[in-house]
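Take a look at the structure set out below.
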Amino acid sequence: MSRAYQFSSLLIIALTILWFAYEMMLRHSVQWHFLAAGGINFLTAIIINRQFTDKKYNYLGIIHVVFMVLLFGYGYFFI
Numbered sequence: 001m002s003r004a005y006q007f008s009s010l011l012i013i014a015l016t017i018l019w020f021a022y023e024m025m026l027r028h029s030v031q032w033h034f035l036a037a038g039g040i041n042f043l044t045a046i047i048i049n050r051q052f053t054d055k056k057y058n059y060l061g062i063i064h065v066v067f068m069v070l071l072f073g074y075g076y077f078f079i
């Protein structure tokens with residue numbers, strides 16, 4: 001995986017964490033915010049998993065998939 005993909009993956013993870021902290025400060029949660037964030041992590045997981053070639057475990061892909069499932073699930077079932 002090239003450095004550009006690693007950097008963009010880490011940037012999206014950091015932005016997702018910052019966005020989630022901001023979202024938890026709001027008085028009312030909006031469902032489409034969580035669904036959109038889950039969708040972004042879904043697309044990033046696909047891109048990162050396609051670039052995976054040289055390590056034993058694809059930690060960035062696993063993190064994106066976990067974020068995707070948690071954000072989609074929370075947005076769809078709990079809001």
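According to UniProt numbering, the residues represented by the sequence shown are 1 to 79, in order. Glycine is no exception: its CB is placed at the ideal position from the N, C-alpha and C atoms.
For residue i, name the three-state secondary structure that DSSP assigns.
| i | result |
| --- | --- |
| Asn41 | helix |
| Leu11 | helix |
| Leu18 | helix |
| Phe34 | helix |
| Ile79 | coil |
| Arg50 | helix |
Tell me the residue span of the alpha helix (DSSP H) that contains residue i.
| i | result |
| --- | --- |
| His64 | 59 to 73 |
Kindly give me the distance between the Cβ atoms of residue i and residue j, rounded to whole angstroms, as I take these residues to be in contact under 8 Å.
| i | j | result |
| --- | --- | --- |
| Leu11 | Gly38 | Incorrect: roughly 17 Å between the Cβ atoms, too far for contact. |
| Leu35 | Tyr76 | 7 Å |
| Ile63 | Ile13 | 6 Å |
| Phe52 | Met68 | In fact, because the Cβ distance is near 16 Å, the residues do not count as touching under 8 Å. |
| Ile40 | Ser9 | Incorrect: roughly 12 Å between the Cβ atoms, too far for contact. |
In whole angstroms, give me the CA-to-CA distance for residue i and residue j.
| i | j | result |
| --- | --- | --- |
| Ser2 | Ser29 | 36 Å |
| Phe78 | Leu15 | 22 Å |
| Leu18 | Arg50 | 26 Å |
Are the C-beta of residue i and some C-beta of chain C separated by less than 9 Å?
| i | result |
| --- | --- |
| Leu26 | You won't find chain C in this structure, because it holds only one protein chain. |
> Would the region 21 to 31 and the region 49 to 67 be scored as touching if the rule is three or more Cβ pairs under 8 Å?
Replying inline: In short, these stretches do not touch, since the Cβ pair count stays below three.
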